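Participant:
Residue numbers (the UniProt record's numbering): 1 to 220.
1. Excluding sequence positions up to five away, which residues of its chain have a Cβ less than 6 angstroms from the Cβ of residue 83?
2. I believe residue 43 touches residue 100 by the beta-carbon criterion, under 8 angstroms. Please report the beta-carbon distance rounded to the nearest angstrom.
3. Under three-state DSSP, which class holds residue 51?
4. Counting only runs that start and end within the segment 51-93, where is the beta strand (DSSP E) found for 3 or more residues in a row?
5. I want to check one thing, is the minimum distance from the CB of residue 97 to the heavy atoms of the ligand ZN below 7 angstroms?
6. CA-CA distance, residue 180 and residue 186?
7. Please report how far the alpha carbon of residue 32 lies from the alpha carbon of residue 147, in whole angstroms.
8. Which value, in whole angstroms, describes the spacing of the CA atoms of residue 47 and residue 81?
9. On the criterion of 16 or more Cβ atoms from any shown chain inside 10 Å, does residue 52 qualify as buried, or is it exposed?
10. Take the Cβ of residue 30 as the centre, count every other Cβ of all protein chains shown within 10 Å, and call the residue buried at 16 or more, exposed below.
11. Could you check whether residue 88 and residue 66 sit closer than 8 angstroms to each other, using their CB atoms as the reference points?
12. Roughly how many whole angstroms lie between the Cα atoms of residue 159 and residue 149?
13. Helix or strand or just coil, what does DSSP make of residue 26?
14. Kindly list the residues whose CB is nearer than 7 angstroms to the CB of residue 123, restricted to its own chain and excluding five residues on each side of it in sequence; keep chain order.
15. Are the Cβ atoms of residue 154 and residue 175 separated by less than 8 angstroms?
16. For residue 86, tell me which candidate among 165, 73, 96, 95 has the shortest Cα-Cα distance.
17. Please report the residue range of the alpha helix (DSSP H) in which residue 96 lies.
18. Run the CB neighbour count on residue 39, radius 10 Å, all protein chains shown included, and call it buried at 16 or more, exposed below.
19. For residue 36, which residues in the same chain have their Cβ closer than 6 angstroms to its Cβ, ignoring the five residues on either side in sequence?
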C-alpha cells in the first residue's frame, strides 16, 4: 500500500474528508472480534457497512514503524488487563497518514477474568499538524531574522571598507573568531552601532570592543 503524507499547512484533505474526531471500539479476545463505531471506520478510509473490522484489517492500516508497539499494547491489555494510552499513525485506504490517540481499558466477565479491551480512537491529525506548522513557522522566521541581520552587517562592512560580499563575510567571520562572539550577535552589534551614526566609520571597532584592523588576507 503506497503511503502518502499530507504536507503541513495543506488543509484541503480536511475539507475533502470531514472525519469525525472520536470513535469507540470493543475487542472480544476469545472470539478475536472487533466492533468499531462508524467514526473509526471512516478514520481508516471506509464507509460504514463496507468492511468488517478484523485484527488483520487493523494491523494492515498501522504505520509499519508503529505496528509492533500497537500489537504489544493490545496483547498486554487482553492478557494481563493493563489499560493503555498510545499515540501512533494509521494509513487510511487512500494512503493518507493520520495521527491517532488510542485509549483502552480491559473488559472483565462476571468472574473477573479479562475478556478483551474497549476504548476510543481520537484523530488528532489536524491539531498535530497545526502544532508542528506553528513550530516550523517560528523556526523559519528565526532563521530568516538571523540571515537578515547578518546580511545587513555585511552591507555595513562592504560600505565601510570597500569590500565585496565574499571579503565582507570573511571579515565578519574572522572578527567573530577573534572576539569570541557568535556571528549573529556580532552582526547585531555592528548593525545597531551603524544605525546610531550618520557616518559609521568606527562601527565595527565599537562592536568588537576595540580598534579595527582588517585581518591579513582580507582585501578590497
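Quick reminder that beta carbons are idealized off the backbone N, C-alpha and C, glycines included. For clarity, every value in this text was computed on a predicted model and none was experimentally measured.
Facilitator: So, from the listed chains and residues:
1. 105
2. 7 angstroms
3. coil
4. 84-91
5. With respect to the ligand ZN, the structure offers nothing, as it holds no ligand at all.
6. 9 angstroms
7. 58 angstroms
8. 32 angstroms
9. exposed
10. exposed
11. yes
12. 15 angstroms
13. strand
14. 19, 21, 43, 98, 100
15. no
16. 73
17. Element bounds for residue 96: n/a, residue is neither H nor E.
18. buried
19. 25, 53
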